[in-house]
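Data block below; observations after.
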Amino acid sequence: MTSPGSRAHCPFDLPASQALHERVRRFIDHQMAGRQSESFDSLAVDIARFQFQCETGVEKLYKAKNIDTGSLTLASQIPAVPTDVFKLRRVACHPAELDTYRFLTSGTTLGARGMHPVRDADTYRRGTRAWASQMLYPDTDRLDWILLAPPFADSPHSSLGFMLDDLCAATQGQATWAVLDGRVDVDAISRALYCANQRQMPIIMAGASFAFVHLLEALQGRNLALGQRGRVMQTGGFKGKSKEVEALALREQIARSLKIPTDAVISEYGMTELGSQAYEGRWRGWLGLEQPHEDFVCPPWMRVTTVHQETLEPLPDGEIGIARIEDLTNVDSAVAVQTADRVRVMGNRFQLLGRTPGATPRGCSIGIDEILSPESLRP
Numbered sequence: 004m005t006s007p008g009s010r011a012h013c014p015f016d017l018p019a020s021q022a023l024h025e026r027v028r029r030f031i032d033h034q035m036a037g038r039q040s041e042s043f044d045s046l047a048v049d050i051a052r053f054q055f056q057c058e059t060g061v062e063k064l065y066k067a068k069n070i071d072t073g074s075l076t077l078a079s080q081i082p083a084v085p086t087d088v089f090k091l092r093r094v095a096c097h098p099a100e101l102d103t104y105r106f107l108t109s110g111t112t113l114g115a116r117g118m119h120p121v122r123d124a125d126t127y128r129r130g131t132r133a134w135a136s137q138m139l140y141p142d143t144d145r146l147d148w149i150l151l152a153p154p155f156a157d158s159p160h161s162s163l164g165f166m167l168d169d170l171c172a173a174t175q176g177q178a179t180w181a182v183l184d185g186r187v188d189v190d191a192i193s194r195a196l197y198c199a200n201q202r203q204m205p206i207i208m209a210g211a212s213f214a215f216v217h218l219l220e221a222l223q224g225r226n227l228a229l230g231q232r233g234r235v236m237q238t239g240g241f242k243g244k245s246k247e248v249e250a251l252a253l254r255e256q257i258a259r260s261l262k263i264p265t266d267a268v269i270s271e272y273g274m275t276e277l278g279s280q281a282y283e284g285r286w287r288g289w290l291g292l293e294q295p296h297e298d299f300v301c302p303p304w305m306r307v308t309t310v311h312q313e314t315l316e317p318l319p320d321g322e323i324g325i326a327r328i329e330d331l332t333n334v335d336s337a338v339a340v341q342t343a344d345r346v347r348v349m350g351n352r353f354q355l356l357g358r359t360p361g362a363t364p365r366g367c368s369i370g371i372d373e374i375l376s377p378e379s380l381r382p
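Below, the structure written as structure tokens:
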């Protein structure tokens, strides 16, 4: 019996994969420079056809929906892989021995952690760096980082840790990883703030939302000053293992405790199953670079659309449904991913309204059933 990662019937086409990665990186570069070499749809469709040949399970979605890959012309026609599938089977075109990273989810809803194997991390880096420079620090190319997370070397399966580690390298500032032995090190944060102030470096503090909850608890009512150009990036949900916090209240507490405006607290939308991220437009609005707004903004290589939670049929802009995401950086996994996140989409922006209450939406459940076979389940 072959393992879930084997490709006995369909050898991995490394040159084809590499050519697609290079096209995506070129697409990112051209978009950031205000140029366009090819359309999002044509590139997404070519990635989808490549993935169809890889026997990742996505081919079963095509057969179940009676879709011929040769007839695809739009990214919206590509069947989306439900995020829960990443918990149940390997979703990757390449064999396991070519994995550069294996990012794991933190959720255990189905009794397993989802895994997103990554072969070529350069595409991930290219997109992440480009969009962070637009949304997190468009006002500077150098800044110091205070990271409310364990060092990436200590948690090599964390996609958030990978992203933060890479952004630190890209901005050439000093990085302070302020979670050690399971606790927030307030003294290390204070030292980092002092050093940055002495060097007149702007600071960004970044981490999961609940890491900020632990920081506020550790401060015990005290304040820290991030400085005039200080900012915060928070990501993830607001429900922890022992408590749930209200998003607006947490934002206000963070701003008050770090002596920054609330618009300097920027939420990020990302997930282990994706290589791209969206950010709120608060900071750019506060800087006067665009009209202030609180929506998440997608990079040009990522699309979020709204679909009906039972039928998965597309909904018009402005209606509430669940988020379907097309991500060009997912060359070797799933270019279209179906989530259970409730959203309202307006063009390249969206509002995040929380998770779908209760069980996995019916449409996602059907997709999971279509893509899985007994032999594909990860042990």
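Positions 4 to 382 (this note's numbering) are the ones given, in order, by the sequence shown. C-beta atoms are modelled at their ideal positions from N, C-alpha and C, and glycine is treated no differently.
- For M204, the three-state secondary structure derived from DSSP is coil.
- With a threshold of 16 other beta carbon atoms within 10 Å, I31 meets it and is buried.
- The three-state reading of DSSP puts D123 in coil, since its state is none of H, G, I, E or B.
- Pairing A199 with G230 gives a Cβ-Cβ distance under 8 angstroms.
- A distance below 8 angstroms separates the beta carbons of Q294 and G288.
- Ranked by how close their Cα comes to the Cα of C301, the residues D320, V348, G291 and S260 have V348 in first place.
- Judged by beta-carbon spacing, S260 lies within the 8 angstroms limit of N226, meaning their Cβ atoms are closer than that value.
- With contacts defined as CB atoms closer than 8 angstroms, T359 and A339 fail to qualify as a contacting pair.
- The beta-bridge partner set that DSSP reports for F299 consists of E283 and F353.
- Taking 8 angstroms as the cut-off, the beta carbon of R145 is found closer than this to the beta carbon of M204.
- Between the beta-carbon of L151 and that of G210 there is about 3 angstroms, and that keeps the pair under the 8 angstroms contact cut.
- Following the DSSP letters along the chain, one finds Y104 inside the beta strand (DSSP E) bounded by residues Y104 to L107.
- CA-CA distance, I323 to D190, rounds to 44 angstroms.
- In the DSSP assignment, L222 falls within the alpha helix (DSSP H) that extends over S212 to L222.
- Taking the Cβ atoms as the reference, I269 lies roughly 6 angstroms from L139, within the contact range of under 8 angstroms.
- The residues T309, V348, M349 and G350, in chain order, have a CB closer than 8 angstroms to that of D320 in the same chain once the five nearest residues on each side in sequence are set aside.
- If you look at T238, you'll find it in the beta strand (DSSP E) that goes R234 to T238.
- DSSP places D335 outside any alpha helix (DSSP H), giving it a letter other than H or E.
- Cβ-Cβ distances below 6 angstroms link P18 to nothing in the same chain once the five nearest sequence neighbours on each side are left out.
- Per the Cβ contact rule, the stretch 115-133 is not in contact with the stretch 67-75 (fewer than 3 Cβ pairs under 8 angstroms).
- Pairing P264 with Q34 gives a Cβ-Cβ distance that is not under 8 angstroms.
- Rounded to whole angstroms, P159 and D330 show a C-alpha spacing of 23 angstroms.
- The three-state secondary structure of A178, taken from DSSP, is strand.
- DSSP, reduced to helix, strand and coil, places A152 outside both helices and strands of the structure shown, so it counts as coil.
- Closest in C-alpha terms to T179, from the list Q201, S161 and F155, comes F155.
- In the DSSP assignment, L75 forms no beta bridge with any residue.
- Between the alpha carbons of Q175 and D147 lies a distance of about 8 angstroms.
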